[in-house]
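Peer 1: The opening position of the sequence shown corresponds to residue 118 in my numbering, with each subsequent residue numbered one higher.
Submitted below is the structure of interest, expressed as structure tokens.
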Amino acid sequence: MNKQPNKTSNRPFSETIIELFIRLCGISSIIFVFGIFFFVFKEGASFLFNGLNIWEFLTSEEWYPTSLNNKRYGTLALILGTFSVTTLAMLMAVPFGLGAAIFVSEFCSPKLRETFKIVIEFLAAIPSVVWGFIGLTLMNQLIILVFNAPIGLTMLNGSIMLALMSVPIIVSIAEDALKAVPDSYREAAEALGATKWQVIYRVLLPAAKNGLLAAVLLGAARSIGETMAVLMATGHSVNIPTSPLSWIRTLTATIAAELGEVARGGEHYQVLFIIGILLFTITFIVNLIADLVIKGIRQS
118 MNKQPNKTSN RPFSETIIEL FIRLCGISSI IFVFGIFFFV FKEGASFLFN GLNIWEFLTS
178 EEWYPTSLNN KRYGTLALIL GTFSVTTLAM LMAVPFGLGA AIFVSEFCSP KLRETFKIVI
238 EFLAAIPSVV WGFIGLTLMN QLIILVFNAP IGLTMLNGSI MLALMSVPII VSIAEDALKA
298 VPDSYREAAE ALGATKWQVI YRVLLPAAKN GLLAAVLLGA ARSIGETMAV LMATGHSVNI
358 PTSPLSWIRT LTATIAAELG EVARGGEHYQ VLFIIGILLF TITFIVNLIA DLVIKGIRQS
């Protein structure tokens, strides 16, 4: 008897190809990250190990890389400027982002929910340079008018722009985290007589805390890594921030503003890449802390 061909004979091979492709995608992302770090490290390694005073680099607020007689590469003001504008942005973005996510997830009708999602995606699609123009023109005049400031290009201006840029990310991820909570949790709480707000506060938020924390951290990562908006909206002045109306400069904006004007291979050029290494280190520490926090939440 002639045996019929097995229609599923090619399935194991196709599954193997798909599995290899998925593995390749995962490995390639790791290779790309290490490749970028290697490139940045290679460009700055020479001056990092032969000539740069690390202590002065991290603790001095004097940034004079083009001085003819006394070049100083202190990044303390840049570090504090980066963290201050990011912190203030998160103080504004997190309440609005989580509140909007709760509203979209739990209170909107299906039609209204889709409308809000379209608007949120539109906000996320606006280029950072456009937000920078808004900060440079509209928000600059509003801050001068409201606070009677001499100039509106301040930390507050940059923080508002970063908050507006971070909110769509926070809303999108937090809403997905809330929707991932099983409906049985809601139904059980309502069966016990809990009100809508009690269900949200005592059931949904604790159940979705890992996803909500991830949303906040991704929003903060967007703020730390943003360049054009803070370059255009913060005054771009090397100062230790003392108030929301201070003029500041961030690490990313310094790289963007100065890298195109320096001689390749020089000290100034290498220091800018060392700032890139510093940003990598800060991002790694933030991610490590977040991972430890999430593990602690899961075990509690």
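Backbone N, C-alpha and C fix where the C-beta goes; we use that ideal spot for every residue, glycine too.
None of these values were measured; they are calculated from a predicted model.
Note down, one range per segment and in chain order, each alpha helix (DSSP H) of at least 4 residues found wholly within the segment 343-384.
Peer 2: Taking only runs of at least 4 residues, the alpha helix (DSSP H) segments lying wholly in the segment 343-384 are 345-350 and 368-375.
Peer 1: Confirm, please, whether the CB-CB distance from Ile391 to Leu165 is below 7 angstroms.
Peer 2: Yes. Within cutoff.
Peer 1: Let me check understanding here. Comparing Cα to Cα, which of Ser363, Arg339, Ala373 and Phe149 lies closest to Ala266?
Peer 2: Ser363
Peer 1: Pairs of beta-carbons, one from the segment 345-354 and one from the segment 223-237, closer than 8 angstroms: are there three or more?
Peer 2: no
Peer 1: On a CA-only basis, which of Val263, Gly143 and Thr351 is nearest Met278? Give me that one, please.
Peer 2: Met278 has its Cα closest to that of Thr351, out of Val263, Gly143 and Thr351.
Peer 1: Check this for me: beta carbons of Val288 and Ala338, under 7 angstroms apart or not?
Peer 2: no
Peer 1: Note down the Cα distance separating Ile341 from Leu309, rounded to an integer number of angstroms.
Peer 2: 43 angstroms
Peer 1: Measure the alpha-carbon distance for Ser276 versus Glu136 and round it to whole angstroms.
Peer 2: 43 angstroms
Peer 1: Given a threshold of 16 other Cβ atoms within 10 Å of its Cβ, counted over all protein chains shown, does Trp314 qualify as buried or as exposed?
Peer 2: exposed
Peer 1: To which residues does DSSP link Tyr181 through a beta bridge?
Peer 2: Arg189
Peer 1: If we ignore side chains and look at the alpha-carbon of each, how far apart do Phe220 and Gly328 end up?
Peer 2: 16 angstroms
Peer 1: Within 10 angstroms of its Cβ, does Ala332 collect 16 or more other Cβ (buried), or is it exposed?
Peer 2: In summary, Ala332 is buried, with 16 or more beta-carbon neighbours lying within 10 Å of its beta-carbon over all protein chains present.
Peer 1: Check Asn327 in the structure and name its three-state DSSP category.
Peer 2: helix
Peer 1: Grouping DSSP H, G and I as helix and E and B as strand, with all else coil, what is Asn404?
Peer 2: helix
Peer 1: Helix, strand or coil, according to DSSP, for Leu169 in the structure here?
Peer 2: coil
Peer 1: Using only the alpha-carbon positions, how far apart do Val320 and Pro361 sit?
Peer 2: 36 angstroms
Peer 1: Are Glu292 and Ser222 touching if we call contact CB-CB under 7 angstroms?
Peer 2: For Glu292 and Ser222, yes; Cβs fall inside 7 angstroms.
Peer 1: Can you tell me which of the three DSSP states Cys225 falls into?
Peer 2: coil
Peer 1: How many Å lie between Ile268 and Ile260 at the Cα?
Peer 2: 8 angstroms
Peer 1: Thinking C-beta only, is Leu240 closer than 7 angstroms to Pro212?
Peer 2: No.
Peer 1: Answer yes if the segment 378-393 comes into contact with the segment 147-166, meaning at least three C-beta pairs across the two stretches below 8 angstroms, and no otherwise.
Peer 2: With a cut-off of 8 angstroms, the segment 378-393 and the segment 147-166 count as touching, because enough Cβ pairs lie within range.
Peer 1: Identify, in the order they occur along the chain, each residue of the same chain with its Cβ nearer than 6 angstroms to the Cβ of Leu208, setting aside the five sequence neighbours on each side.
Peer 2: Within the same chain, Leu208 has no close Cβ partners at all.
Peer 1: For Pro285, does the three-state DSSP call read helix, strand or coil?
Peer 2: helix
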